[in-house]
Amino acid sequence: MRQGLHEDVAAVVIGLAAVVLALAVTWAARPAEEPGSRDRHPKGWPTPLAATVGTPGTWTDQPLVAFHGKGGGLAITPTLLGMGWVVLVGGLGTLLTGGSLRRFLLGGCLLAVLACLAYVMASQKLVKYYNLEYPLWALAVGLFVGNAAGVPRWLAPALVGEFFIKTGLVVFGAEVLVSRLLALGLPGLLTAWIVTPVVLVTTYLFGVHLLKIPSRPLCMTLSADMSVCGVSAAIATGAACRARKEEISLTIGLSLFFTVIMMVAMPPTIRAMGLDPIVGGAWIGGTIDATGAVVAAGESLGKEAGEVAATVKMIQNSMIGLIAFAVAAYWAGWIDRDPGGPRGTLAGEAWRRFPRFILGFLAASLLCSWLHSQGPEQALWVEGATTGFTAKLRGWLFCTGFVCMGLQTNFRELAPLLASGRPVVLYLAGQALNLALTLAMASLTFGWLFRKAVEP
Amino acid sequence: MSPLHSPSRAVVRLVAGGMLIAAVWCGLFPRLLEVGPVKRHVALMEERRVDPSAMYYTELERLPLRPAWVDDVLVLWP
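Residue numbers (numbering that gives the first Met the number 0), protein chains in the order written: chain A, 0 to 455; chain B, 0 to 77.
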């Protein structure tokens with residue numbers, strides 16, 4: 000095999016190239032009229048790249064409808080191009096890391112087809128409207144094919160799931176905008192920046208020391224998923240602390256299961272408690288794992304609650320870069336340290352083990368955050384590039400990464416993790432703490448401390 | 000990673016699993032969509048243009064922004 004780049008470095012190179020490409024193409028096609036008008040461009044400037052990376056649409060009982068365009072006719076090209084990006088990114092990664100492109104191609108095409116199948120399953124109307132996101136179906140498709148038919152030898156060179164996830168994370172960095180943190184002022188900051196780290200650390204320590212779960216990465220992945228922003232946080236922190244495939248799969252399964260329950264149960268509970276809708280919205284935003292489910296539950300309470308819930312969740316979303324960096328640094332500096340190994344400085348040892356793709360993730364986040372903060376036009380530029388292209392590209396990369404994980408996971412390896420029941424207890428205990436602390440903080444900040452007096 | 004199973008058994012398993020998935024996704028799930036509370040939930044989400052399957056805020060139909068009414072209700076920066 001040719002000597003190539005380290006997988007992390009290849010992920011950073013390709014991921015940052017995709018972000019720069021998105022920004023450059025969106026800038027080149029910037030609108031001539033009112034480029035700074037949010038009313039005219041509510042999701043940012045339209046980018047020509049959006050047409051190159053589509054996903055299957057919503058369908059009810061005819062899966063082929065997933066490939067219909069807005070006019071009703073068959074429009075499969077954007078989805079085929081999305082699958083093409085998977086093969087392109089995987090092929091480039093194989094070349095950069097010194098592998099054989101010829102050996103990757105056939106398997107890469109099959110992975111893209113399986114990822115498309117997972118997207119089709121996730122876009123069925125019932126599945127979509129109850130927040131059963133594509134990572135769950137990507138894992139399920141991989142597990143089913145891998146366990147029903149096995150994995151042929153020719154597919155093995157394409158099973159670079161970690162590379163797809165790491166590249167997806169670097170691309171994902173473009174969406175993690177630090178400037179979003181201030182969207183709801185001090186009440187939003189306090190709710191997100193005090194409760195979230197407290198719940199994250201407490202749940203992790205509870206899992207490690209009281210429940211004595213043997214895997215620290217599982218405790219961290221589960222805690223971050225539950226306290227920050229669901230599946231996206233599980234992917235970022237799971238990669239940062241090198242959690243095993245089975246551990247990330249288990250976390251995502253648990254998270255989506257409880258998210259559906261909370262999405263359905265929280266709005267009537269808030270109504271029954273007689274909570275103010277703004278406090279209820281902030282409570283929902285700070286506790287339900289997945290962004291889509293937060294908005295769904297918030298909107299069930301009312302328009303105001305929905306808007307507050309979505310904005311609080313967005314502030315929490317913005318923390319993921321910092322948390323992934325902190326987890327990676329903690330793991331590199333303390334957890335992965337070899338007591339019998341050669342002694343170096345702590346910083347030097349930590350740097351040697353630090354996962355380099357996290358730096359790419361942070362670089363993309365800082366670049367786009369800086370651009371986004373430069374003015375209304377730049378904000379719409381970044382939003383157009385991310386919502387129109389990078390968000391969909393990283394979706395395909397994550398989806399393919401999870402298909403690989405499923406293919407490489409044996410059902411039997413999941414059994415011991417589930418049989419003990421301790422991950423479920425950890426999730427429930429952490430979520431109970433999260434619910435209590437977030438309710439207290441939301442009532443304090445949104446309900447009392449920063450609330451303007453109502454004029455009689 | 001699971002080794003490759005015998006071709007005939009693999010085909011039977013894949014076809015059986017595929018049929019089961021098709022039955023659930025194309026048969027059971029569409030019927031569940033007609034059940035009262037499910038129907039109301041989906042109708043509300045469609046009316047409000049909410050995509051509950053969004054994994055991150057950038058995937059939402061509308062990007063969350065500070066609502067205009069918030070300044071009338073909250074002191075954001077005391």
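All C-beta atoms, glycine included, are put in the ideal place defined by N, C-alpha and C.
Bear in mind the structure is a predicted one, so any value in this text is a computation, not a measurement.
For the pair Thr399(A) and Leu154(A), the Cα-to-Cα distance works out to about 13 Å. Taken in chain order, the whole alpha helix (DSSP H) runs of length 4 or more contained in the region 118-178 of chain A are 124-128, 133-147 and 160-171. Taking each of Leu300(A), Leu434(A) and Val294(A) in turn and checking the Cα distance to Ala309(A), the smallest one comes out for Val294(A).
Interface residue (Cβ-Cβ distance to chain A less than 8 Å): Glu33(B) is not classified as such. His371(A) sits in a helix when the DSSP states are folded into three classes.
The Cβ of Phe143(A) sits closer than 8 Å to at least one Cβ of chain B. C-alpha of Pro266(A) to C-alpha of Val150(A): approximately 44 Å in a straight line. The C-alpha of Asp337(A) is placed about 37 Å away from the C-alpha of Thr286(A). Those residues of the region 181-199 of chain A placed with their C-beta closer than 9 Å to a C-beta in chain B are Leu181, Ala182, Leu183, Gly184, Leu185, Pro186 and Gly187, ordered along the chain. Per DSSP, reduced to three states, the secondary structure at Leu73(B) is strand. By the criterion of a C-beta distance shorter than 7 Å, Val424(A) is surrounded in its chain by Leu210, once the five residues flanking it on both sides are discounted. Sequence-ordered contacts of the region 8-22 of chain B with chain A read Ala9, Arg12, Leu13 and Gly16 [C-beta pairs closer than 7 Å]. Taking a cut-off of 8 Å for Cβ pairs, the region 377-392 of chain A and the region 37-50 of chain A touch, as three or more such pairs fall below it.
For Met225(A), the closest Cβ of chain B is not nearer than 8 Å. Only those residues of the region 407-436 of chain A whose C-beta falls short of 7 Å from the nearest C-beta of chain B are listed: Gln407 and Asn409.
For Thr201(A), the nearest beta carbon of chain B is not closer than 8 Å to its own beta carbon. Under the three-state reduction of DSSP output, Leu4(A) falls in the coil class, being neither helix nor strand.
Between Ile269(A) and Val307(A), the C-beta gap is not smaller than 8 Å, which leaves the two residues out of contact. If you check the CB distance, Gln407(A) and Gly145(A) come in under 8 Å. According to the DSSP assignment, Glu298(A) belongs to the alpha helix (DSSP H) that extends over Thr290 to Leu300. Scanning chain B for C-beta atoms nearer than 8 Å to the C-beta of Ala309(A) yields Tyr56, Leu59 and Pro63, reported in chain order. Distance from the CA of Ala327(A) to the CA of Val402(A), rounded to the nearest whole angstrom, comes to 24 Å. Annotated three-state conformation of Trp395(A) is helix, per DSSP. The C-alpha of Ala441(A) lies about 38 Å from the C-alpha of Ala414(A). Burial check for Trp395(A): the Cβ neighbour count within 10 Å reaches 16 or more, so the residue is buried. Against Glu306(A), the close residues of chain B are Pro63, Leu64, Arg65, Pro66, Trp68 and Val69, in the order they occur along the chain (beta-carbon pairs closer than 9 Å).
Following the DSSP letters along the chain, one finds Tyr426(A) inside the alpha helix (DSSP H) bounded by residues Arg421 to Leu443. A distance below 8 Å separates the beta carbons of Pro134(A) and Phe397(A). The distance from the Cβ of Cys218(A) to that of Val207(A) is about 5 Å, consistent with a contact at the 8 Å cut-off. Secondary structure note for Thr78(A): its alpha helix (DSSP H) is the uninterrupted segment Thr76 to Leu95.
In the DSSP secondary-structure assignment, His67(A) is bridged to Leu73(A). For Lys165(A), not one C-beta of chain B is nearer than 8 Å to its own C-beta. At a cut-off of 8 Å between beta carbons, Tyr129(A) contacts chain B.
Here Gly106(A) is not near Pro186(A), since their CB atoms are 8 Å or more apart. Secondary structure at Arg241(A): coil, using DSSP grouped into helix, strand and coil.
Fewer than three Cβ pairs drawn from the region 52-64 of chain A and the region 93-106 of chain A lie within less than 8 Å of each other, which leaves the two stretches out of contact.
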